[in-house]
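Worksheet: one structure, shown below.
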Amino acid sequence: MNHPHEIRPDLDQGIDRKVLATLRARFLHLNQARLQRAMEGLSTRQQQVLLLLPLLFHVNHPLLPGYVSGSTPAGVSGYEPGSELVAEAQRLARSFTYKAQHGNPPRPIHGLFLMGSLGSLAQAEHSDMDVWVCHAPDLPEPLLEELRRKCQLLETWAASLGAEAHFFLIDTQGFAQGQRDGQLGSDNCGTTQHYLLLDEFYRTTVWLAGRTPLWWLVPVYEEGNYQAYTQTLLAKRFIRSQDVLDLGNLAHIPPGEFIGAGLWQLFKGIDSPYKSLLKLLLTEAYASEYPGVRCLSLDYKQAVFANQLDLDELDPYVMVYRRIERYLLQRGEPVRLERVRRSLYLKVNKKLSDQNRSNGWQRRLLQRLADEWGWDERQLAILDSRSQWKVQQVAVERRELVAELNHSYRFLGQFARTRNASSRADQRELNVLGRRLYAAFERRAGKVEVINPGIAPDLAEDTLTLVQLPNRKEPGNYHWELYSGNLNSHDVEYFNPIKRCRELLELLAWAHRNGVIDSGTRLALHPGVSDLSEFELVNLLGCLQQCIPLPLPTVSEVRLLQPSVAEEVLLLVNVAIDPLRHHRDLNILMTTERTDSLSYAGVRENLVLTLDQVTLNSWNEVLVQRFDGEHALVRCLRDFLNSPVAHGHRPRVRVHCFCPSRAQAISQRVEEIFDTVQLLQAQGLQHRYLLQVAQHTHVLELQPGHVSLSTLAEQDALLAYLGEERSVYSPLYLDANALQDNDLRLVLEQGRPACIQVFYRLQDEWAELYVLDECNALWQQRLPLHDEARLLLPLQRFLRSVVMRREARLPLDDLGQAALDIQYAQLLPGGPGKARSIEPRVAPQEGSDQPYYEVQAIIQAGVGGAAHVTLYCDQQEFSELEHGPQLYAVVARQIIGQRRGAGKYRCYITDLDLSELLDDRLGATQVYLSYKRVLEQALNEGLEQVLCQ
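Have a look at this one:
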């Protein structure tokens, strides 16, 4: 049924020009009413800006704001300023006079339109003035550049009068064809939208001057026939082309636009959820109707055609609310509808509970809506006190807003899949947005939750109480609680804490990140059984403020395309703990001169008892992790080195300690270690870092992409680790205080690639032999000492045979690069005590008077991992198959029989073949030496057996 005053211009039945004039008059009537509402909400100076804009684009005058040159495009179509406006301009420039131009001068400025919240229910004191400057399509680029410059100067002038204005140049012909710049609004919706932006323009615009939109004159039922209808209007001269401008129609909106619009609003909603929630829900309501979408601008136009000119019901924000309300009621989702109502109320921000405020049209309209919703005074008072909301209220509100944002994200993803929607905001942008939501709202272990995404302006408390209390559910354990106000330790049980955490740093990081504690907050401290002092507390908060400076900048898309990596790492040692109070022998610790914090004093105690790690990553997430126990430091090191890193990027690491005892020495020692391992890791090679902490030796194996940790409590375990076979050279870095065995330390510091290094130390009746092979694996053996030659020559013969076997398996072209040098060095001084230095020695040489007996061993693989040994003595074969368990005794007897003189000196293996066990591998020298030791032990046990017979 048609409205009695509805106009239905029909091409077939003829169109009356008076009807079109009546339609235009209705739109202009609404326009004038909106403009009047906009002016009511502006200051006198802001009103001056809005009033003068048409004149300033109509003329170029050197003394008026925005002047660039006399050739700057000027002249607004169909516009002539009134005498009052000219007088207003003369207040700015007394010499300004206006003379109407006769004839048909060029008017390149086709229209000026105010778009956005001005004149609407949501207009606020500092609302932007977004002005579309529609210009002729044939302006050359130099003149366009002058016009841009004029717009920039006018923005500066408006700002001087307290108005935030933004001007956007619109080529109407190009815009109608979908061609435009990326930014067409002060909220920068980018290129993700066209039709939805046009929809917003048509239903919110306030015409200032120039031509009026051709779209106004096309009935809704002709929207799908827009081109033909408008061509007829122009061709038959029902309207003049110089009176209208055409920005296009809304007959069809591609599905990708809903994704683009939703993505943009979700992006803004992460930091300002109230502002974006209405547009998000409108986008969802539109998309749910696809493909039969009827935009609000069409409802607006239909109302004008029907002469239903209720200014309140046609308010842009009321229209948005009504559409969302209908959508959510149809879906049976009253909880979501209540969120929308709160968002609209808070967006308008007129505080209905304050009866002392002036009763303007916005308050009256908002009161009518609140009455319609059934809100009482208590509910209004809660919403109106948002500026005073603190943690509990904000946390409740956050849960609901995050639920809404996540719902919208899931809806967009589902819509994109079901509609196979393609848009400029493609799947990549959907994924990036998913990461933004994840970084902002996802909960996970150790992550500090951000509870105030634009809900309340300030969560800072004037006074807080920090308390350590026993955990009643876990006897023997304690936790920390934070209370509002200044309470004594006995009264806290009668109040609810703002937040409780097991660890102090987790609580402080949460309070800082959410702005609960700021520079003006006073803290009352009740440390419980901890050693926390006010001095330490103040310094801990200072470190957090330095590591996490608020507000944090928006994360760029470039960073979100990559996995998150640590940017800032704050390590806090011994938080609320005095290590000397926990030490088992205070007297020794307080009098000793030794200062290594990791192996302290004669009792070798570790003063690093706990580490709290606070990390700010590239997605602006703050994470807190605690390490405690005797291996706290090395576990922290391992996890830190295994955390993801960007190529060529190292996080900034800060180490601090504020405990009562040895704080500076402790922090310096820990910082030194972290600096060292970061430098090693940055080299991108395989390294081993050996660190002594109290009674334990720890080895961090730094390989590209992974770090493993070995904890070695005994010296034998350390030697076994150092002697493990390696396939490539692995540098070993020793911490400054690593290793109690000074001889071993001197040897390990000498590691070099592509070289077999032999070290020996002569004592009274024994000698220590060390070999670092080409991969830096260690072999060690203690042998009876007869003389230096008998100690070294057998080893030299064996090593030369190993090198020869290796070279025989290499291509000739590779021999130069793969050749292994054998070098010798002696640890000095000999005898008891610690070695102090290493001096190089010449490799032992064979003498003509030193014949030796060749003993070759071949080891073959057997069944089930067993190995079969065959020995050759001067080319004579002795096998397990023939001699069984007596093999080594038989060979020993053979060797004794060949010796020229008596003497109980050892038997040695001079050559070893492992080719069957190694398959195609070359095998490191350490592997040969390990088999050599086992074979020689068996051989010398056989020798003892023979000599005792």
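Each residue of the sequence shown is one higher than the one before, starting from 113 at the first, in the working numbering.
Using N, Cα and C, we set each Cβ at its ideal position, and we do this for glycine too.
- Three or more Cβ pairs drawn from the stretch 760 to 767 and the stretch 676 to 687 lie within less than 8 Å of each other, which places the two stretches in contact.
- Annotation: the stretch 749 to 802 contains the following complete segments of the alpha helix (DSSP H) (minimum length 4 residues), in chain order: 775 to 794.
- Rounded to the nearest angstrom, the Cβ distance from VAL245 to PHE279 is 5 Å, consistent with a contact under 8 Å.
- If you check the CB distance, VAL840 and LEU814 do not come in under 9 Å.
- Contact between the stretch 539 to 554 and the stretch 516 to 529 is present: three or more C-beta pairs spanning the two stretches fall below 8 Å.
- Under the DSSP definition of a beta bridge, GLY223 partners with CYS246 and GLY322.
- For ASN729, the enclosing beta strand (DSSP E) stretches over residues 722 to 729.
- Here LEU656 is not near HIS694, since their CB atoms are 9 Å or more apart.
- As computed with DSSP, ALA969 is found in a beta bridge with LEU983 and LEU1024.
- Per DSSP, GLN159 lies in no beta strand (DSSP E) segment; the continuous alpha helix (DSSP H) that holds it begins and ends at 156 to 170.
- Using a Cβ distance threshold of 9 Å, LEU165 and ALA321 count as a contacting pair.
- Three or more Cβ pairs closer than 8 Å define a contact, and the stretch 572 to 586 falls short of that threshold against the stretch 751 to 765.
- Listed in chain order, the non-local C-beta contacts of ALA775 below 6 Å within the same chain comprise CYS769, local neighbours out to five positions each way being set aside.
- Separation of the CB atoms of GLU267 and ASP240 is rounded to 11 Å, and the pair is thereby denied contact status at 8 Å.
- In the DSSP secondary-structure assignment, HIS624 is not bridged to any residue.
- For LYS1044, the closest alpha carbon among the candidates ARG1005, GLN235, PHE607 and VAL967 is that of VAL967.
- For ARG634, same chain residues with a beta-carbon under 6 Å away, outside a window of 5 residues either side, are THR575 in chain order.
- The Cβ atoms of ALA568 and SER499 lie closer than 9 Å to each other.
- DSSP places LYS462 in no alpha helix (DSSP H); its state is neither H nor E.
- DSSP places ILE868 in the strand class (E or B) of the three-state scheme.
- ALA186 sits in coil when the DSSP states are folded into three classes, being neither helix nor strand.
- A direct Cα-to-Cα measurement between PHE379 and TRP731 gives close to 14 Å.
- Taking a cut-off of 8 Å for Cβ pairs, the stretch 663 to 673 and the stretch 596 to 610 do not touch, as fewer than three such pairs fall below it.
- In this structure, GLU886 sits near THR1037, with a CB-CB distance shorter than 9 Å.
- With a cutoff of 9 Å on beta-carbon distance, ARG448 and LEU393 are scored as near each other.
- Within the DSSP secondary-structure output, MET241 pairs in a beta bridge with ALA277.
- If you draw a straight line from the Cα of ARG902 to the Cα of ARG857, it is about 26 Å long.
- Taking every protein chain shown into account, the CB of LYS130 has fewer than 16 other CB atoms within 10 angstroms, so this residue is exposed.
- Going by DSSP, ILE436 is part of the alpha helix (DSSP H) stretching over 428 to 443.
- In this structure, the alpha-carbon of VAL641 lies about 7 Å from that of GLN580.
- The DSSP-derived three-state label of ASP570 is coil.
- A straight-line Cα-Cα distance of about 11 Å links VAL198 and SER207.
- By the criterion of a C-beta distance shorter than 6 Å, HIS638 is surrounded in its chain by VAL579 and SER601, once the five residues flanking it on both sides are discounted.
- Burial is judged here by how many other beta carbons sit within 10 angstroms of a residue's own beta carbon; VAL870 has at least 16 and is buried.
- Less than 9 Å separates the beta-carbon of LEU142 from that of LEU426.
- Secondary structure at GLN875: coil, using DSSP grouped into helix, strand and coil.
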